[in-house]
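Some notes on the structure that comes next.
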Amino acid sequence: MPDLLPLKGITVVELGHSVAAPYTGLIFAELGAEVIKIEKPGSGDDARGWGPPFAEGAGTMFNALNRHKKSVTIDLKAADGVVQVRALTDEADIFVQNLRPGQAEGYGIGPAHLQSSNPRLIYASVTAYGDEGPLADRPGYDPLMQAFGGIMSVTGEQGRPSVRVGTSIVDMATGMWVVVGALAALNTRAQTGKGSVIGTSLYETALGWMAYHAPSYAVSKELPQKHGSGIFTVAPYQAFNATDGEIIVAAGNDNLFRKLAGVLGHPEWPEDARYKTNRDRVTHRVGLCGEIEKIMAGQSTTHWMEKLEAVGVPCAPVQTMDRVMSHPQTLALDILREGGEGATYFGLPLRIDGQRPGRNEPTPQLGADNALLKK
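-18 is the number of the first residue of the sequence shown in my numbering; add one for each residue after it.
Rendered as structure tokens:
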């Protein structure tokens, strides 16, 4: 079956580094667009050096975010640098950049500059804190935004140091928002013939992840707390230790709690005034989850998985990456992609008409496609 490439014929120019803008470009590339990545001469994207481990001449993190792209090197401070950028964007559909606010305009590659010669261009900017406000000029990275946007305040265990989510959740989600905005702009362009200016920031994305924490605080005036593997609105809904690992149990309603109580040998719990409703169970979360922990600690994850699945209680073991990548469910989804030097990547978590879009092309060497530049 040929590759599903729904954005074939779309050209994207990516002036991005690190994670957010490159992840934007990766999604476009997986969907079939030609993505031309502009990098600094000499060292390129900083993420090329992020490692170990390294494969295919760069850090595996860089490879994961920059496969299928073309690489050109342009010095924006050189006399012909801006000319080269404009030449690329004059023939492009989408331009993505993550320079600091005002920097693109200073170089002469702001939206007004580029759209003056290509009014159909969709211009997308990714900033740290947004292009307005007292912090607009500050730089930002994923952990800063997880901290500043409140994510760290609800992540981890109460009374222990703050931790970041173990993947670049703000960076990558920002990239997804850029794609959403750009696809909407492509639809608008099909109707009007004109491009749009798309803007988002890491901080706005972090705020977006706090979607239900904000109204909860506004109503209760109580600061959201850390609940480890759990959540503040449902109980029991967290990980419990077994003899050989951890297992997440998600008893999200009264019926599931009744089934869980039966498996644990306490069929009387659903009639206990402390545990009758979810509100009761949340109120008495500590005592309830403590009792569940004591029981589950006596058997293996396999034992509990079999018992819980038999009655339909949602559950899952906490898997390490080796188990995730080798699990039959992962393999059945055909989402793994093989790269060079033993590297393996995940394809897009998306199917269209039953087929996963994407291609399997390597990460470009720095400046490998400089022939595209007009001298």
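Where is the CB? At the ideal position from N, CA and C, for every residue including glycine.
Local conformation of residue i per DSSP, three classes
| i | result |
| --- | --- |
| LEU289 | helix |
| TYR104 | strand |
| ILE150 | helix |
| GLY180 | strand |
| PHE213 | coil |
| GLN127 | helix |
| GLN310 | helix |
| MET191 | coil |
| SER197 | helix |
| ILE90 | coil |
| GLY121 | coil |
| ASP27 | helix |
| ASN341 | coil |
| ARG48 | coil |
| LEU353 | helix |
| GLN346 | coil |
| ALA68 | helix |
| HIS247 | coil |
| HIS208 | coil |
| TYR110 | coil |
| LEU(-12) | coil |
Those residues which DSSP pairs with residue i across a bridge
| i | result |
| --- | --- |
| ASP327 | Contrary to the premise, residue 327 reads as Phe rather than Asp in this sequence. LEU317, per the DSSP bridge assignment. |
| VAL230 | GLN219 and CYS296 |
| VAL(-7) | VAL16 and ILE75 |
| ALA165 | DSSP output for ALA165 lists no bridge partner at all. |
| ALA36 | ALA39 |
| VAL53 | ILE19 |
| GLN336 | ILE333 |
Pick from the options that is closest to residue i, judged by C-alpha positions
| i | options | result |
| --- | --- | --- |
| PRO(-13) | GLY339, LEU354 and LYS355 | GLY339 |
| VAL107 | ALA85, GLU20, LEU204 and GLY180 | GLY180 |
| GLY357 | ILE276, ALA220 and ARG266 | Residue 357 falls outside the range modelled here, since the chain spans only -18 to 356, and no answer is possible. |
| LEU331 | GLU11, SER97 and GLY323 | GLU11 |
| PRO217 | LYS18, GLN336, LEU317 and ASP261 | ASP261 |
| LYS257 | VAL215, THR283 and ALA297 | VAL215 |
| ASP350 | GLU322, VAL(-6) and ARG170 | VAL(-6) |
| LEU353 | GLU72, TYR4 and ASN44 | GLU72 |
| ARG266 | HIS208, TRP285, ILE316 and GLN346 | HIS208 |
| ALA105 | LEU(-4), VAL66, GLU287 and ASP253 | LEU(-4) |
| PRO295 | GLU86, VAL244, GLU252 and ILE333 | VAL244 |
| ASP27 | SER(-1), VAL66 and ALA192 | SER(-1) |
| LYS(-11) | GLU322, ASP74, PHE35 and MET42 | ASP74 |
| PRO3 | ASP118, ASN79 and LYS58 | ASN79 |
| GLU287 | GLY279, ALA297 and ALA278 | ALA297 |
| GLY321 | LEU(-15), PRO33, GLY32 and ALA45 | ALA45 |
| SER281 | GLY137, LEU(-15) and ASP225 | ASP225 |
| ALA68 | ARG81, GLY83, PRO82 and HIS94 | HIS94 |
| GLU342 | ALA195, GLU319, GLY279 and ARG119 | GLU319 |
| GLY114 | LEU314, PRO82, GLY271 and MET126 | PRO82 |
Residue i vs residue j beta-carbon contact at 7 Å
| i | j | result |
| --- | --- | --- |
| ASP112 | ALA1 | no |
| VAL77 | LYS50 | no |
| TYR110 | LEU102 | no |
| VAL299 | GLU227 | yes |
| ALA154 | THR186 | yes |
| SER149 | ALA166 | no |
| SER210 | ALA220 | yes |
| ILE229 | TRP190 | no |
| ALA39 | ARG29 | yes |
| GLY130 | THR5 | no |
| GLY121 | LEU183 | yes |
| PHE238 | ALA231 | no |
| GLY25 | VAL63 | no |
| GLY328 | ILE316 | yes |
| VAL160 | ILE8 | yes |
| ALA254 | PRO248 | no |
Distance cut-off 6 Å: residue i Cβ against heavy atoms of the ligand COA
| i | result |
| --- | --- |
| ILE212 | Among the components of this structure there are no ligands whatsoever, and the ligand COA is therefore not found. |
Whole-number beta carbon distance between residue j and residue i, since they are thought to touch under 8 Å
| i | j | result |
| --- | --- | --- |
| THR344 | ASN47 | 5 Å |
| ILE52 | GLY348 | Per the sequence shown, residue 52 should be read as Ser rather than Ile. Indeed, because the Cβ distance is near 6 Å, the residues count as touching under 8 Å. |
| GLU20 | THR70 | Actually they do not touch by this definition, with Cβ atoms about 16 Å apart. |
| LYS175 | PRO100 | 6 Å |
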